[in-house]
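Working notes, structure below.
Protein chains in written order, with full-length UniProt numbering: chain A, 1 to 358; chain R, 1 to 358; chain E, 1 to 358; chain B, 1 to 358.
So, in structure tokens, the structure goes:
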């Protein structure tokens, strides 16, 4: 209790940034939120009201310069500046929890890893992770533990989906301009899970995808779709099937199944908001979480606490940063296949095989 | 295929009688429906249209008299004449499948058993059963098989409910005049199941019940209630908890749980109409059967086929007739307790203990 | 009851043939099973014992020749002779219910349609259908009715799987020699459902597939896999995702989801054997059907009855024969893609686009 | 963040006391745990290691005397001293969160209320509540909100159970000596829920109960049972059905249903540990929480935070203390009925009607 708390700043106060700020300010006993940055003054004003003792900055660089006691940064700004801000913090020797994706570009994502590899030589206790929240979810962890324990034999087929509730406001159309596309924005989680369940060193052999714009044809101007399905083939006899959508009626439907040679583990294939069932004249009904935060709030809080613990205690972080680059690479390939209609293939050391050579 | 078919008549063409007629006419390959009786000419006319080769009678006695090739009778008339018609058929040496309850009076129910015991001396192959349809249901049978197999240790607590969908038409108010009350009409099935799972020879030690009229206060004029809960205590350390209702919004909710010393078996605790789930803006929804026939149709068809088989093959019937009297006795005691507010107790040979002696 | 029964013969007495014989002999009141054929004498002997009045033939041609009163044939022989036997029966003007697939070759499948189109000119009341049993399943029908009713808006994404329980006997390896491969043997049902839900006239735009041999590498010698995933793209903005497997631990897992612009319908996403749940020291458990017959028995019986009814009453059959050719074509393309690793594309009138032109 | 934190002590460091200490020390941002007491030195030593800054006391009186900055006490000691410690804290003007039950005696429970009523005259901002954790559970709150909203019409029948996993160690036999019996120890939660859903001012009309010792006959020496079922009748046409058990195989099964005139709400009727389902050769399986803490951990944390908030902000507490006395009174009557076999009746102002007058 009396030990010093991790001094944390949050960069970005959008929807998820504000949640991160709250998690570190009030739900992470070993952390102290000391500063936040946002290019939006109104967001800073609101943060000041909610967290009176926290210092606010319009400029992230200024935050880094002023906050001399700072130990860790949560990068939760717009995706387009994730990598840049993460690298600046890394180069100052700070611990970093960067929201996913590191970047919508595999190459830029790689620069974050490279910066970390450089920095860690000087700061061997430095921790940098990419916030794949599902890795902190109790159900996914239980699934992974059982798989590791051999309960389903050899995991061979992976099926996962990230399906958002329909947002008729048009938000996702504007968002698509910078999101990297539905496979990079949504399926990145499923891809990360596939790598977690199949092994971080899994090498992708090919990807294929198709998609449609069933509800928001305007997405096409940003080379995006509102529903897409994809296949990932890994070397070593493992395959994955993905579905991502912005069209769900009932709410967030993020489900995953891992099929092994001796059994299967299903996560959230019967989504639910809570333990209530309603018996009405139209039947039996239950609600489901309206969005990913409704589904994964506890996981985000666990993420904050475990990130804090590994920084303070200098213990290994729960995942390696390199995986985040691999996930972006696969996501981008799927997005490309979605748009071009071509299957994309890779050799056994991960290099893309040119179509002309096929 | 070429073996002679059981020659069957159905007495009573109300809702369930007509269904029995259909089951024997078209879904019981080894049976042939040859005659029906009903005091309602319109019902006979409709039956004639549906089953052109079947003979129709306004008078059950006339049916018995005329149908010289008749082998079996299904008594599915008004409850008030169950016993009388069953006894007439029994005394003619015919096989009888009598709808539940044999009577709303334990004493009259006993007369059916007595008649059968007399008759079987002359007709040793004669079969008489009371139609407790749940005994023919695949799920209940699976539950019973598992219990008998020892899967849950010693069955000790039994909980069961028969809860009908609300019928705002007032049907149940009129029906209550002759139904014997909600414990005799609805819970008789649960009581029969308790006897099946705890053992046919279980001796009741006490019953208690309370009830309300939440939706149909007119039921009180017939000493009935629309919701009632009851307790049955058996000698030998077994207890049962019942709920019967006419108020369900979603449909028929007939669920049963058997708690043993090493496990529990639940039957239909997640009711459903079929294997469809609907994902809508209000959540995930499934429908449930609207009435007992929606839930137990297959069981009734199995009942028809197994009754036919035991008659034709002279094999033991799937249940003993005596149990039906015990069920009525317990149901009537619960109904009495429901109205008087008194606990009713029995000694170890089944005789009622007078309150004044308590 | 007294109206004449459809005179039916069953060709083939393997696992499914025997079941068809039973369904028509005892569970289809308006049909009469009069003859069966099989090249296996032992199967004929067993049939004779079970159905004493039925005539048996080693040679299907002989059956056609001898049975002058025959009205309808159920072709349930080896897949390799489906088309040949169906055509022979069609050319005699008989009604035909042919097991799926018509053939593992789209071209040969087409010859059945062609034969029917010729024959129906002379026999306008003749009915020929391919036995896609799921179309007769109560849950799929409820799903289709709701979709048609507009309950989910425009159906846009279809996901379905046919996943068999692991059979360690090696049966499927031998079977793969003639089955046409896992997409033709298993996924044909899902493909047919996709056509049913998206519209019979849906035109396939492309297919892609990958697969593995996780449990039975010997399948590779027959160009088959034990787990495969596939994508079908249709013209008009509809996509389908398939999974087929021979590796399930728990039993038959055949599930389907139809995602529309305003909702989703899920069929059997929570598989179950019956309504029993077991509460044990290891948690809550339910069993699931061990095979497709455990899941679809009722559908097969409905199929027998409805086929019989449409023949006797000269009403439209529940599905058109042409769809069965389309399903085989798509299944074969998926199987080819599975083996070659190539995406296969089609133009808007269904002609294959040569890769060299891509 | 910078506002002063509620200064809290926890009395009792048994299983639940230690958990309360943790909740207030690390999961309640607005509270600070400053002291703990326990008559067991080893428990104090362990607390000191876990919470180094917290002061420890063997004697609760000494804690009250020394801790001059103390603002609130959590009474989580043995049930036998709940009332005494609560009253001492109340009389010092401290806020109190007392574990349930206040006492196993209704009269002693009433003394806590009386002490509070006296004290509050001098300390109008003082808060005293009894820790009925389910009132803080998200699912129960959702259920209550829906009921209050009229979603199920008039709530009329209440069914609830508190069923513990079998503990073969014999713990519950020793525990029964002071627990007040299974209805007071377990069903108290269900009784409190009945009062919450039917209205805090509901007046009990009668109670009846029966029970057995299916697995631990030694309980009889403490006038207890390991399985019991009970009925509560309230004035105004409401009835409740309870089941309590120490015999569950799978884990904690705490389920509740509220049946209204227009619908039903079910809470936790499909218990689960998390969102994982396992598909194995024996079927589909899920685990359930092993104990009440596994089910209600989040509710306890919410309790700690909301209790803290109402103390700091002088807002109304989430429930009134008087209800806790009513729950004990009903629980004790059920326990008495369980042992004597007599129905117990009350008049409309809550006075017991003597049997001799019946």
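Every residue, glycine too, gets a C-beta built ideally from N, C-alpha and C.
Item                                                                                                                               : Value
Own chain residues within Cβ distance below 7 Å of residue 119 of chain R, not counting five before or after                       : 90, 91, 93, 126
CB contact below 8 Å: residue 227 of chain E versus chain A                                                                        : yes
Sequence ranges, beta strand (DSSP E) only - wholly within the stretch 3–89 of chain E, length at least 3                          : 6–11, 31–37, 55–57, 72–75
Whole-angstrom distance between residue 323 of chain R and residue 200 of chain R, CA atom to CA atom                              : 6 Å
CB contact check: residue 322 of chain A to chain R, cutoff 8 Å                                                                    : no
Where the stretch 254–284 of chain B meets chain R: residues whose CB sits under 9 Å from a CB there                               : 259, 260, 261, 262, 263, 264, 269, 270
Nonlocal neighbours in the same chain, by C-beta distance under 7 Å from residue 19 of chain E, ignoring five residues either side : 293, 300
C-beta neighbour in chain R for residue 91 of chain A, strict 8 Å                                                                  : no
Enclosing alpha helix (DSSP H) for residue 106 of chain B [first to last residue]                                                  : 106–122
is_contact[residue 40 of chain E, chain A] using C-beta, thresh 8 Å                                                                : no
Residue 235 of chain E - DSSP class collapsed to helix/strand/coil                                                                 : coil
Cβ-based burial, residue 352 of chain A [other Cβ within 10 Å; buried from 16]                                                     : exposed
Proximity test, residue 205 of chain A beta-carbon vs the ligand SAH heavy atom, cut-off 7 Å                                       : The ligand SAH is not part of this structure, which contains no ligands at all.
Cβ contact (3+ pairs, closer than 8 Å) linking the stretch 330–344 of chain A and the stretch 33–47 of chain R                     : no
The stretch 245–259 of chain A in contact with the stretch 155–164 of chain A per 3-pair CB rule at 8 Å                            : yes
Proximal chain E residues relative to residue 286 of chain B, where beta-carbon distance stays under 7 Å                           : 283, 284
Other residues of its chain near residue 131 of chain B: CB distance less than 7 Å, five sequence neighbours each side excluded    : 97, 98, 99, 100, 303
Residue range of the beta strand (DSSP E) that includes residue 161 of chain R                                                     : 155–165
Where residue 250 of chain A meets chain R, residues with beta-carbon distance less than 8 Å                                       : 279, 280, 281, 282, 283, 284
One or two residues paired with residue 140 of chain R in a DSSP bridge                                                            : None, per the DSSP bridge assignment.
Range covered by the beta strand (DSSP E) that runs through residue 176 of chain A                                                 : Premise fails: residue 176 of chain A lies in the alpha helix (DSSP H), 171–179, not in any beta strand (DSSP E).
Residues near residue 153 of chain A in its chain [Cβ-Cβ closer than 7 Å; skip 5 each side]                                        : 260, 261, 262, 263
Terminal residues of the beta strand (DSSP E) in which residue 202 of chain R lies                                                 : Note, residue 202 of chain R: premise wrong, no beta strand (DSSP E); not H, not E.
Beta carbon of residue 197 of chain B nearer than 8 Å to that of residue 234 of chain B                                            : no
Closer than 8 Å to chain R by CB, residue 339 of chain B                                                                           : no
Under 8 Å between C-beta atoms of residue 244 of chain B and residue 266 of chain B                                                : no
Where residue 277 of chain B falls, given that 16 or more other Cβ within 10 Å makes a residue buried                              : buried
8 Å Cβ cutoff, residue 2 of chain B in contact with chain E                                                                        : Reliability of the predicted coordinates at residue 2 of chain B is poor, the pLDDT of 46 falling under 50, and the value obtained from them is presented with this limitation in mind. Answer no: the Cβ-Cβ gap between residue 2 of chain B and chain E never drops below 8 Å.
Inter-residue spacing [alpha-carbon to alpha-carbon] between residue 47 of chain E and residue 217 of chain B                      : 58 Å
Any chain A beta carbon closer than 8 Å to residue 348 of chain E                                                                  : no
Touch test, the stretch 75–87 of chain R against the stretch 169–179 of chain R, Cβ-Cβ under 8 Å, three pairs minimum              : yes
Given residue 248 of chain E as reference, the closest of E:75, E:290, E:310 once Cα atoms are compared                            : E:290
Against chain R: residues of the stretch 109–141 of chain E by CB proximity under 7 Å                                              : 138, 139
Residue-level contact to chain A via CB, residue 29 of chain B, 8 Å cutoff                                                         : yes
For residue 112 of chain A and residue 84 of chain A, the rounded distance between their alpha carbons                             : 8 Å
Backbone secondary structure at residue 278 of chain A - three-state DSSP                                                          : strand
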